[in-house]
Amino acid sequence: MAIVKPKGKVATATAEAFISGAPDAAPAAKTVKGVMLGHKRQITLTIAPELLARVDELAAQIGQSRAAVINLAIRQAVERGLTIEGLGRA
1 MAIVKPKGKV ATATAEAFIS GAPDAAPAAK TVKGVMLGHK RQITLTIAPE
51 LLARVDELAA QIGQSRAAVI NLAIRQAVER GLTIEGLGRA
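Position 42 of the sequence shown, counting from 1, maps to 42 under full-length UniProt numbering, and the rest follow consecutively.
Put into structure tokens, the structure is as follows:
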């Protein structure tokens, strides 16, 4: 019985990486971040404590949750646009 060197999976993985890196290769599928909860997607957000306190104050004033106030602010920014100092309206 002859001794045969086993074929490694590394060569296959390397070949696949090379082929997928070609300019005419199909674009990689986009990965969507966050967890689906019903019709919405849950995300993680970091926010400065001072700003969070102001969001909580506003939420208490209008009788809404913190999440609702953040959602309203994002919706308004997307629909009406933002004015960023030095860049103008985005």
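Note that beta-carbon positions come from the ideal geometry of N, C-alpha and C, so glycine has one too. For clarity, every value in this text was computed on a predicted model and none was experimentally measured.
Bridge-paired residues (DSSP) for residue i
i	result
residue 41	36
Close beta carbons around residue i, own chain, < 8 Å, minus the five adjacent residues each side
i	result
residue 68	59
residue 35	41 and 42
residue 3	none
Enclosing alpha helix (DSSP H) for residue i [first to last residue]
i	result
residue 64	No alpha helix (DSSP H) contains residue 64, which DSSP labels as neither H nor E.
Cβ neighbours of residue i in the same chain (closer than 7 Å, five flanking residues each side left out)
i	result
residue 65	59
Residue j beta carbon less than 8 Å from that of residue i
i	j	result
residue 47	residue 33	no
residue 55	residue 74	no
residue 26	residue 19	no
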